[in-house]
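Participant: So the sequences go chain by chain: Y and Z. Add 20 to a position in the first sequence, counting from 1, and you land on the number used in the numbering used here. Add 125 to a position in the second sequence, counting from 1, and you land on the number used in the numbering used here. Note that CB positions come from ideal geometry on N, CA and C, so glycine has one too. Bear in mind that the values here come from a model prediction, so they are computed numbers and not experimental data. Below you will find the structure I want to go over with you.
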Amino acid sequence: MTAGQRAATWGQRLAALTWKELLQLSRDVPLLLFLIYSFSLSVLVSGAGITMQLTNAELLVQDEDQSPSSRELIHRFQPPYFALAGAISDPRQGLRQLDQGRAMLVLDVPPRFHEALMSGERTAVQLLVDTTNAPQGLSAAAYTVRIAASFGTETALASAGLSGAKASMPLVSSAHRVWFNPTQDERWFQSISHLLRMITLFAVLLPAAALVREKERGTVEQLLVSPLSPFQIMFSKVLAMSGVILLATALALYGVLHPLFHVPMKGSAALFFLLTGLHVFTTAGFGLVAATLAKNQAQVAMMALFAVGPMLLLSGITSPFESMPQWVQAIMTFSPLRYYIDITYGVMLKGAGLDLLWKPVGAMLLLGGTLFGSGMWRFRRQFQ
Amino acid sequence: MMSPSASSPDVVVRVSGFVKRYKQHLAVNGLDFTVHRGEIYGLIGPDGAGKSSVMKAIAGVLGYEGGTAEVFETLLDSEQAAEQVKRRIGFLPQGLGLNLYPELSVEENIDFFAKLRLVPEADLRERKARLLAITRLDRFRSRLMKQLSGGMKQKLGLICTLIHEPELAILDEPTTGVDPVSRRDFWAILAEWQAVKGMTALVSTAYMDEAVRFHRLSFLSHGRVLAFGTPAHVQSLVPGLVVTFESTPQLEAAARLKRRYTQVESLGPSLHVFTPEQEEEAAVAGIRQALEPLPVAHLHTDEPELEDVVVALLLKEQDGQARVSERLGPSAVSATMPQFDGPAVEAKELIRDFGSFRAVDRVSFDMKQGEIFGLLGANGAGKTTVIKMLTGIVPPTGGAGRVAGADMRTAGGAIKERIGYMSQAFSLYLDLTVIENIRLFADIYGLARRQAQQRTAWIVDMAGLSGYEHDRTGRLPMGVRQRLALGCALVHSPRVLFLDEPTSGVDPIGRRRFWELLSRLAREEGVASLITTHYLSEAEHCDRLALMYAGRIVAEGTPSDLKTQVEREVGQLLEIAVDKPGAALAQVAKAGFTGAALFGTKIHVLSRDPSRDEARLREVLARVGMTIAAVRPRMLSLEDVFVSRVMALERAAHKKEAP
């Protein structure tokens, strides 16, 4: 046999196995439905529904001054961030409402507020914040501080006879430009994040389940006595499942993200899909290693969740990566998702190319190769 | 029906007009039978005949759509009714050790079931000791259930079912997948519990040679009864003789015989024909006429076994169904498949260790091209490991070998291209169709498109798969799946086949067809097959056999060699017909006859001096007022050979362990 014939036979075998995987998947109707749901409706719901921004924080007001200044201040708490939930006259009423969770903030403007401001005295307002939901509470508090501060500054300037614009006082103003998401549409971030979650989950689960099923049924022995290498057996699964996941990603991208949320594709779509393929290959490595350790599909699903759970929570789509402790960041060096996040936002929103992304791409290649290699090593060993 | 009267206190189970439906599928259609107290009643029949459905309904765990099922005169028509009888019943569901807890030890499992059934402490201790002793499990009291072999698991399952001394034991295929020695232990417990405790048992089995142990039986097929009564009565339904002889060329002889007889099997060099004639002379004359002018040698006749009768009944039922094609078409042996000289398999001192455990210990054997070679042994004897080494799944720790002309150590890749492999699980993709499965393996073996098409057509024809081509494999009956698996293993025209328990779970007709295919492949195409099996009646089809025990080959030879060897050592088998077999057995055993065992209503003993022993037997039984109706010598079965060899080795190992 010549080298060319040998290569052709090798390819024929890989293609036969890959086609078999696709056929098997196409016959698994419940799984297919779940796959389609995960990349369509579930992305739609997460994009439209999940929001981290402060919205509709219920605000109770106890205005003990009833003056132009107090009304001016209260007027600055505006939707969509705040929603006025009513006025109260008894501080205990406010406390009760907080306890019951019917209000998030209670603003108390003291008597003589206007008078104090007009006469140039220092004065203060009291704000009670429910921070059970820490991020929301903290951002409500931060907004309130900003509102109070700017109201104070303006009042101070006005009392000094100056209007803010012409002030020749040493003031620092921040002139910020919003980049990459100019309308600050949070749905972009949430829908993309959810898509990445789904890609990662299926990349671990699909090939792992396919491999374990062969072990359970005993078909893997038939493959082992055939002229096939462990690489062909394992890689055909990754190949088939990557194809399916890429197709599902395209469905989410061009069926939901683009038409409904107007998420742009600033960079090259081909590059995005290529690198998504790389991410699936790398992540599948985890699943394949798990599949060589597990005895049945239930076990492999549990192990996969162990690997995927922290990856989804700690790689930077659920909470900001930079704010995590150093040691968690160090562990997450081994999470392909961490690099894939940089790549996705880079290509889709920032229009980045390989010249900017070579570092995360290199890291993923290294990680994927290592994982796949150790999966193959384990695969050979488990039967001996 | 056979029951004397409806109110007879003797009746333990009465089933009449029983109907069970699963959605559209009618599993049991109008079944009647009655089980009397103290009886071991058998349900036999192919897969899907409806045996399990009836047994589950009688155990009170499955509802039914029509007719009645009464147990202890309680009509099982509601959950409450079922609850009432459950404490008097023991039920062992189908599957090895499925009712047990893998993480508990042998003793913990037994104790758990005893506590569940509120067995008093003293009774538990006594019964446990007795049951563990008969099953020879007492040495493994503290071993975890999951570490037991399949046969041991099943024996433990039976102990847990019997620990509360149920009046009725319902055992669903308790011996399927269990090695012959464990199977004998199993029957020993049943026989003792029936004789000593007066237990009644309803048992189903796939092994026809076991069916003769039943007092009475019903033979089911497609949810109906084809025959019922004592084994002797069922046997008399299809009268005839079995004629065994040699004739050459064997293939041509078989082809000629098939034009006249429905049951023609080739067993090694012999042919085995079931004739409708009951007179020996007429039967032999008929065969000679059919064979003319081929020679006939080494001819002898036997009474038919129950299996011959069962197959005859099934064949009558399914007359006109698709049969395996009469002749193999041109096989289109692929040009790339290299022919080779020398033996098909040559194993030299093969060793395999798993940690400190030696699974295979210096195994050597040769297998010629075109030979069917059987590897026999209990679960865990090392058969599968030998096959895994020869097929390259597991590397050997020591030793050498050549498979299909290539060296095991250096040419693993070449071996894989030249062999076919089929395992007990029938490694097919159940969610692919028949054709898709064949195509997949054709591609894996690198067949070109035209070659693949030719081979696919050949396989469909050879295995009788036409009509099934586009069905999902998971929906096919077991027998068809098995032939498809064989077809897939043959897609690249291999010269050597490895078959690891290829027939477990397949019904008698399916098994016969399968063996017919194998022997044609061997004789017509020169394909060598290495096969392992638990059905020792099947091992008769092999040209040569090797018996493995504890990782070693302890006996090797043709089936008849092995039988003669053992006959020389332990004596001849005598079958005694007597009116009260249970009581007679106790007397016979007391008189010191070795290997005395009950087979249905007949007693089997081994004798070194048949004429003297027959006289002694008559004398022993006459003393207690019993008369022997007949004593006749029988050929040892391969199962007798297997059990006798393994028991001797176990005794030796036991002695060494406990000096």
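Would you verify that the beta carbon of Z/Y166 is, or is not, closer than 7 angstroms to some beta carbon of chain Y?
Facilitator: Judged by the 7 angstroms Cβ criterion, Z/Y166 is not in contact with chain Y.
Participant: Which residue's Cα is closest to the Cα of Y/W39: Y/T296, Y/G389, Y/L259?
Facilitator: Cα-wise, what sits closest to Y/W39 is Y/L259.
Participant: Output yes if chain Y places a C-beta closer than 7 angstroms to the C-beta of Z/E542; else output no.
Facilitator: Yes - at least one Cβ of chain Y is within 7 angstroms of the one on Z/E542.
Participant: On a CA-only basis, which of Z/I701, Z/A711, Z/K727 is nearest Z/P735? Give me that one, please.
Facilitator: Of the listed residues, the one whose Cα sits closest to Z/P735 is Z/I701.
Participant: Name the chain Y residues that come within less than 7 angstroms of Z/Y226, Cβ to Cβ?
Facilitator: Within 7 angstroms Cβ-Cβ: nothing; Z/Y226 doesn't reach chain Y, min ~17 angstroms.
Participant: Determine the chain Z residues that contact Y/G263 at a beta-carbon separation under 7 angstroms, and present them in chain order.
Facilitator: Per Cβ cutoff of 7 angstroms: no residues; Y/G263 is ~18 angstroms from chain Z at best.
Participant: Check Z/E700 in the structure and name its three-state DSSP category.
Facilitator: Strand.
Participant: Thinking C-alpha only, which one of Z/M751, Z/A378, Z/L366 is nearest Z/R648?
Facilitator: Here the closest residue by C-alpha is Z/A378.
Participant: At 3 residues or longer, and completely inside the segment 132 to 175 of chain Y: list those beta strand (DSSP E) runs for me, N to C.
Facilitator: Complete beta strand (DSSP E) runs here, min 3: 146 to 149.
Participant: Going by the beta-carbon positions, is the gap between Y/A107 and Y/E78 smaller than 7 angstroms?
Facilitator: Cβ distance not < 7 angstroms, so Y/A107 and Y/E78 don't count as in contact.
Participant: Applying the criterion that 16 or more other CB atoms from any shown protein chain within 10 Å of the CB defines a buried residue, is Z/R264 buried or exposed?
Facilitator: Burial call: exposed.
Participant: Which whole-angstrom value is the C-beta distance of Z/V137 and Z/V196, which I expect to be below 8 angstroms?
Facilitator: About 7 angstroms; that satisfies the 8 angstroms criterion.
Participant: Measuring only between beta-carbons, confirm whether Y/R47 sits less than 7 angstroms from chain Z.
Facilitator: With 7 angstroms as the cut-off, Y/R47 counts as an interface residue toward chain Z.
Participant: Going along chain Z, which residues have a C-beta under 7 angstroms from Y/A36?
Facilitator: Those are L565, D568, I569, listed as they occur along chain Z.
Participant: Starting from Z/L269, find everything on chain Y with Cβ-Cβ shorter than 7 angstroms and list it in chain order.
Facilitator: Here the premise fails: no neighbours, minimum Cβ distance about 16 angstroms.
Participant: Given a threshold of 16 other Cβ atoms within 10 Å of its Cβ, counted over all protein chains shown, does Z/D632 qualify as buried or as exposed?
Facilitator: Flag for Z/D632 reads buried.
Participant: Using the three-state DSSP reduction, which class does Z/N562 fall into: helix, strand or coil?
Facilitator: DSSP places Z/N562 in helix when its eight states are reduced to three.
Participant: Grab me the residues of Z/V749's own chain with a C-beta within less than 7 angstroms of its C-beta, minus the 5 sequence neighbours each way, in chain order.
Facilitator: Here the set comprises Q712.
Participant: Quick check on this structure: which residue in Z/H617, Z/E692, Z/A577, Z/F767 has the alpha carbon closest to the alpha carbon of Z/L670?
Facilitator: The option with the nearest alpha carbon to Z/L670 is Z/F767.
Participant: Go through its chain and collect everything with a Cβ distance to Z/T355's Cβ below 6 angstroms, but skip five positions before and after it.
Facilitator: For Z/T355, where only same-chain residues beyond five positions count, the Cβ hits under 6 angstroms are R341.
Participant: Taking Cβ positions, are Z/G495 and Z/G651 nearer each other than 7 angstroms?
Facilitator: Yes, the Cβ-Cβ distance between Z/G495 and Z/G651 is below 7 angstroms.
Participant: Y/L34 by DSSP, collapsed to three states: which one?
Facilitator: Looking at Y/L34 - three-state DSSP - the assignment turns out to be helix.
Participant: On the criterion of 16 or more Cβ atoms from any shown chain inside 10 Å, does Z/A447 qualify as buried, or is it exposed?
Facilitator: Interpretation of Z/A447 is limited by its pLDDT of 42, a score under 50 that renders its predicted location unreliable; the figure taken from the coordinates is listed afterwards. Exposed is the call here.
Participant: Please tell me whether Y/L74 and Y/Y101 are closer than 7 angstroms, where the distance is taken between their beta carbons.
Facilitator: It is a contact, given that the beta carbons lie within the stated cut-off.
Participant: Which bits of chain Y does Z/Y593 rub up against, with CB to CB less than 9 angstroms?
Facilitator: Those do not exist, as Z/Y593 stays about 17 angstroms from chain Y at its closest Cβ, beyond 9 angstroms.
Participant: Chain Y partners of Z/E561, CB-CB under 7 angstroms?
Facilitator: Going along chain Y in sequence order, the residues near Z/E561 (Cβ under 7 angstroms) are L43.
Participant: Comparing the C-beta of Y/K40 with each C-beta of chain Z, is any distance below 7 angstroms?
Facilitator: It does; some Cβ of chain Z falls within 7 angstroms.
Participant: Going straight from the alpha carbon of Z/L256 to that of Z/L283, what length do you get?
Facilitator: For Z/L256 and Z/L283, the distance between alpha carbons rounds to 9 angstroms.
Participant: Residues in the same chain with beta-carbon distance under 8 angstroms from Y/L34, minus the five sequence neighbours each way, listed in chain order, please.
Facilitator: The answer, listed in chain order, is Q252, F255, S256, L259.
Participant: List the residues of chain Z that Y/P247 touches, going by C-beta distances under 8 angstroms, in chain order.
Facilitator: The answer, in chain order, is G538, K541, E542, I569, Y570, G571.
Participant: Using the three-state DSSP reduction, which class does Y/Q117 fall into: helix, strand or coil?
Facilitator: Three-state DSSP puts Y/Q117 in a helix.
Participant: Here's the rule I'm using: 16 or more other beta-carbon atoms within 10 Å means buried, otherwise exposed. How should Z/D765 be labelled?
Facilitator: With 16 or more other Cβ atoms within 10 Å, it is buried.
Participant: Which whole-angstrom value is the C-beta distance of Z/R606 and Z/L553, which I expect to be below 8 angstroms?
Facilitator: Confirmed, Cβ separation roughly 6 angstroms.
Participant: Are the beta-carbon atoms of Z/S654 and Z/L615 separated by less than 7 angstroms?
Facilitator: Against a cut-off of 7 angstroms, the Cβ pair of Z/L615 and Z/S654 comes out as no contact.
Participant: What are the partner residues of Z/H161, as DSSP defines its beta bridges?
Facilitator: The partner list for Z/H161 (beta bridge, DSSP) reads Z/V136.
Participant: Looking only at C-alpha atoms, which of Y/I363, Y/S62, Y/L93, Y/T338 sits nearest to Y/L294?
Facilitator: That would be Y/I363, whose Cα lies nearest to the Cα of Y/L294.
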